[in-house]
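With positions in the sequence shown counted from 1, the corresponding number in the numbering used here is that position plus 91.
The beta-carbon is built from N, C-alpha and C at its ideal position, and this holds for glycine as well.
The next block holds one structure in the form of structure tokens; read it before the comments.
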Amino acid sequence: WRPADTKGFDLQAPSHLQHNPPMRQSVGRKQALATLRSFLNARSLGYRGGISSPVSAPDACSRLSAYLTYGCISMREVVQSTRATLEQLPPQASRHRGGLTAFISRLYWHCHFIQKLESEPAIEWQNMHRGYDGLREHGFNLEYFEALKQGRTGWPMVDACVEMLRETGWLNFRMRAMLVSVAAYPLWLHWRPVGEWLATQFLDYEPGIHWSQLQMQSGTTGINTTRVYNPVKQAQDHDPQGRFVKQWLPRMRHVPPAWLFQPWLMPPSMRSHGGAAIDIIEPLVDLATATRESKHLLHQRRQKRNSKWLISMLREKIPRLSKNPRPAAPPTSNNLGLIFKVLHRRMMFKPLDA
């Protein structure tokens, strides 16, 4: 075996990427097997209920994603080992069983999205639903984008996630979804540049999962429910004590708990500690107003999309999704609602915290 000649591809050296997370996972076969064992034997007990919060997720998630990405361990090996562990569990180990069962279901979704990109490679660079073309392409705000990449949006939960990602190369699924949602809605950034940036940050970058999720969280699939994550509510729900925010944003450690997730509301008289001013970053936009306006634009486009194009797309998609070999009546504008329900149910998204 000889490596391919890459001289004509203008590939950058790793040093040019300027990304070397100091706290990244160690990669290798030995570490992959040790991580798998620790998850199957102990950490999976916290999988259900523990993978949403950035406080508990680093331990509750399997942490196998990077090893799967780099081929240190195979998907078949992980699935077979998980099934073998399930078979050995005593009947009373319901919590352990529930965690491993949920994990296996997400491994299936992992493979589903890899196959999705194989079947539809264009989703890496164009809207899955072409009716959304032109929605965010124009007026891309570079200032907002740079603030997002530097963790200076003004929303503590968002900025803490960016800081953790830069230091470790990893985030749990819900926080990844929140980052994309904030970029897509209140900041109104197109998913493609955001996706390219995140791809360079994720140690476990898997194109099939990555680009499908970028489009789902940005609302350009035309099938999935619009998901908008409020970064203040996410902080209140998943980091109520502020442990995560304070860990990754030292500037927030002197902010009183009442103002921790919305520090810009803090009175000027309280914005100092020990005689030094607390670094309070004003949000880039008003969250409620910007989110409301972006959802309105998205729903407006959804109502105006071209019925002819939609019917044509569905005629192409439905035979591939259908398990019934019988010829079906072609979709018309009268039965589009039912068709969307069927497509949505068959393509229902579940988090991928493998």
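Per DSSP, what kind of secondary structure is Ser165 in: helix, strand or coil?
-> Indexing the sequence shown from 1 puts residue 165 at position 74. DSSP places Ser165 in coil when its eight states are reduced to three.
With a CB to CB cut of under 7 Å and the five nearest residues on each side skipped, what residues in its chain are close to Asn132?
-> Taking the sequence shown and counting its residues from 1, one reaches residue 132 at position 41. If we look at Asn132 and ignore the five residues flanking it on each side, it has no Cβ neighbours.
Cβ shell of Val249 (< 6 Å), same chain only, five flanking positions each side left out | For this step, residue 249 is matched to residue 158 along the sequence shown. Val273 and Pro322.
Taking Leu239 as the reference, give the member of Leu305, Trp350, Leu356 and Leu280 with the closest Cα.
-> Stepping through the sequence shown from its first residue, residue 239 is reached at position 148. Ranking the options by Cα distance to Leu239, first place goes to Leu280.
Exposed or buried, which one is Gly447 when buried takes at least 16 other CB atoms within 10 Å?
-> A question about residue 447 goes unanswered here, because the residues of the chain that appear run from 92 up to 445.
Select from Asn232, Ala379, Val118 and Asp330 the residue whose C-alpha is nearest the C-alpha of Leu155.
-> Counted from its first residue, the sequence shown places residue 155 at position 64. Here the closest residue by C-alpha is Val118.
Is Ala133 helix, strand or coil when you go by DSSP?
-> Position 42 of the sequence shown, counting from 1, holds the residue named residue 133. Coil, per DSSP.
Is Leu375 closer than 8 Å to Thr244 when the C-beta atoms are compared?
-> Here residue 244 refers to the residue found at position 153 of the sequence shown. Here residue 375 refers to the residue found at position 284 of the sequence shown. Against a cut-off of 8 Å, the Cβ pair of Leu375 and Thr244 comes out as a contact.
For Leu180, is the classification buried or exposed, using 16 other Cβ atoms within 10 angstroms of its Cβ as the cut-off for buried?
-> As a working note, residue 180 is residue 89 in the sequence shown. It is exposed - the Cβ of Leu180 has fewer than 16 other Cβ atoms within 10 Å.
From the DSSP output, which residues share a beta bridge with Ala368?
-> Position 277 of the sequence shown, counting from 1, holds the residue named residue 368. Per DSSP, the beta-bridge partners of Ala368 are Ser363.
Pairing CB atoms from the stretch 282-290 with CB atoms from the stretch 125-144, are three or more of them under 8 Å?
-> The stretch 282-290 vs the stretch 125-144: no contact.
DSSP state of Phe293 mapped onto helix, strand, coil | Counting from 1 along the sequence shown, the entry for residue 293 is found at position 202. Phe293: coil per DSSP, three-state reduction.
Please confirm whether Gly313 and Gly222 have their CB atoms less than 8 Å apart.
-> Here residue 313 corresponds to residue number 222 of the sequence shown, with the count starting at 1. Here residue 222 corresponds to residue number 131 of the sequence shown, with the count starting at 1. Yes, the pair counts as a contact, with Cβ atoms nearer than the cut-off.
What are the boundary residues of the alpha helix (DSSP H) that Thr382 is part of?
-> For the purposes of this step, residue 382 is identified with residue 291 of the sequence shown, where counting begins at 1. From DSSP, the alpha helix (DSSP H) with Thr382 extends over Leu378 to Lys395.
Sequence-distant residues of its chain with Cβ nearer than 8 Å to Pro149 (five each side left out) | In the sequence shown, counting from the first residue as 1, residue 149 sits at position 58. Correct list, in chain order: Trp261 and Asn263.
Could you pull the start and end residues of the alpha helix (DSSP H) that Leu256 belongs to?
-> What you label residue 256 is simply residue 165 of the sequence shown in a count that begins at 1. Residues Pro247 to Thr259.
May I ask you to report which of helix, strand or coil DSSP gives Ala184?
-> Your numbering for residue 184 matches position 93 in the sequence shown. Coil.
Counting only runs that start and end within the stretch 176-239, where is the alpha helix (DSSP H) found for 4 or more residues in a row?
-> 185-210
Near His301, what residues of its chain come up, given a Cβ to Cβ distance below 8 Å and the 5 sequence neighbours on each side ignored?
-> Position 210 of the sequence shown, counted from the start, is the residue given in the question as residue 301. Only Gly286, Leu289, Ala290 and Phe293 meet the Cβ criterion.
In chain order, what residues of the same chain lie with their CB nearer than 7 Å to the CB of Pro410, ignoring the 5 residues before and after it?
-> In the sequence shown, the residue the question calls residue 410 occupies position 319. Because the pLDDT of Pro410 is 48, which lies under 50, any placement of that residue in the model is unreliable, and the number read from its coordinates should be weighed accordingly. Correct list: empty, nothing qualifies.
Around the C-beta of Gln308, are 16 or more other C-beta atoms found within 10 angstroms, so that it is buried, or is it exposed?
-> Counting from 1 along the sequence shown, the entry for residue 308 is found at position 217. Buried: at least 16 other Cβ atoms inside 10 Å.
Pairwise C-alpha distance: Val146 and Ser165 = In the sequence shown, the residue the question calls residue 165 occupies position 74. In the sequence shown, the residue the question calls residue 146 occupies position 55. Roughly 28 Å separates the two Cα atoms.
Count the other C-beta atoms from every protein chain shown that fall within 10 angstroms of the C-beta of Asn111, then say buried if there are 16 or more, exposed otherwise.
-> Start at 1 with the first residue of the sequence shown, and residue 111 comes out as number 20. Flag for Asn111 reads exposed.
Which residue comes first and which comes last in the alpha helix (DSSP H) that contains Arg243?
-> As a first step, residue 243 is located in the sequence shown; it is residue number 152 there, counting from the start. From DSSP, Arg243 is part of no alpha helix (DSSP H); its letter is neither H nor E.
Can you tell which of Leu127, Met361, Trp355 and Ala379 has its C-alpha closest to the C-alpha of Ile371?
-> Working through the sequence shown from its first residue, we reach residue 371 at position 280. Out of Leu127, Met361, Trp355 and Ala379, Trp355 has the C-alpha closest to the C-alpha of Ile371.
For Thr316, which of helix, strand or coil comes out of DSSP?
-> In the sequence shown, the residue the question calls residue 316 occupies position 225. Thr316 falls in the coil class under three-state DSSP.
Residue interval of the alpha helix (DSSP H) (run including Met114) | Within the sequence shown, the letter at position 23 stands for residue 114. Where Met114 is concerned, there is no enclosing alpha helix (DSSP H), given that its DSSP letter is neither H nor E.
Please work out which residues of its chain come closer than 6 Å, Cβ to Cβ, to Ile195, disregarding the five sequence neighbours upstream and downstream, and give them in chain order.
-> If you number the sequence shown from 1, residue 195 lands on position 104. So the list reads Thr173, once near-sequence residues are dropped.
Who are the Cβ neighbours of His187 in its own chain at under 6 Å, not counting the five residues just before and after it?
-> Walking along the sequence shown from the start, residue 187 turns up at place 96. Contacts found: Leu136 and Leu180.
Is Asn232 closer than 8 Å to Thr311 when the C-beta atoms are compared?
-> Start at 1 with the first residue of the sequence shown, and residue 311 comes out as number 220. Start at 1 with the first residue of the sequence shown, and residue 232 comes out as number 141. No, they are not a contact pair.
Would you report the Cα separation of His201 and Asp377, rounded to the nearest angstrom?
-> One-based indexing of the sequence shown puts residue 201 at position 110. One-based indexing of the sequence shown puts residue 377 at position 286. Put simply, the backbone Cα of His201 is about 35 Å away from that of Asp377.
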